[in-house]
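**Q** The working numbering puts the first residue of the sequence shown at -19, with every later residue one more than the last.
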Amino acid sequence: DSFAVHNGARVRKMHTSRRDAFKSINATPVAHVDAAGKIQYLAPCRDVTDDKAVAQVDMEKDVVLLQFFPGMDPAVFEPVIMGSKGVVIAGSGLGHINSPMIPLVKKATDAGIPVVMTSQCLNGRVNMNVYNTGRDLINAGAICVYDMLPETAYVKLKWVLGKTNDPAEVREIMVTPLVGEMSDRREF
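#1: Within the continuous beta strand (DSSP E) that includes LYS(-7), where are the two ends?
#2: Taking DSSP as the reference, what is the three-state secondary structure of ASP14?
#3: On the three-state DSSP scale, how would you describe THR156?
#4: Pull up the CB-CB distance for THR132 and HIS76, whole angstroms please, since I reckon it's below 8 Å.
#5: What residue from ALA1, LEU84, VAL68, PHE(-17) has the CA that sits closest to LYS18's CA?
#6: Within 10 angstroms of its Cβ, does SER79 collect 16 or more other Cβ (buried), or is it exposed?
#7: Residues in the same chain with beta-carbon distance under 7 Å from PRO9, minus the five sequence neighbours each way, listed in chain order, please.
#8: With three or more beta-carbon pairs closer than 8 Å as the criterion, would you say the stretch 84 to 95 touches the stretch 109 to 125?
#9: How long is the line joining the alpha carbons of ILE61 and LYS136, rounded to whole angstroms?
#10: Please work out which residues of its chain come closer than 6 Å, Cβ to Cβ, to ASN107, disregarding the five sequence neighbours upstream and downstream, and give them in chain order.
Structure (structure tokens):
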């Protein structure tokens, strides 16, 4: 038997109770460990033996993660979105939502509330340039985080907003891979 070691920012639990319930998404496992404890590294790893490492735990608590669904009514979600400090939306397919939601995204970003777009799909990446709704989301100020998992985007946005509220800084940090949470490839 061997067991996989996953990057915590790129892993998803795929089964409720199996031993191999966790799988790396859009990435390979970091390593395999056999029953004897021998480690086979499969991907580059940071050296974490630095005893000067300090946890950075200032996190914004008022961030929400929403899963888009067809017919999503902006009137229902406006109080949630406008009452938050940041929003992650897991969109359909390439990272889209329905057109009636786009003015609410614009209202939020105009109010300084970052809106981050991810996908509900486990594999692939968000692409806002394929359909009109994606381009409309870009124009509304949404931040595309490519192949970052929704849960990871949620935690990262909480962490980023614990450090800065400057919209340009939030955007830059969200689209910059820090711990392997997204692929380096970017679309411009």
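Note that CB positions come from ideal geometry on N, CA and C, so glycine has one too.
**A** Once the coordinates are examined:
#1: -9 to -7
#2: Three-state DSSP puts ASP14 in a strand.
#3: THR156: coil per DSSP, three-state reduction.
#4: Going by Cβ atoms, the distance from THR132 to HIS76 rounds to 19 Å, so no, they are not a contact pair.
#5: Measuring from the Cα of LYS18, the nearest candidate turns out to be PHE(-17).
#6: exposed
#7: Here the set comprises ALA(-16), VAL(-15), HIS(-14), LEU22.
#8: yes
#9: 18 Å
#10: Contacts found: LEU74.
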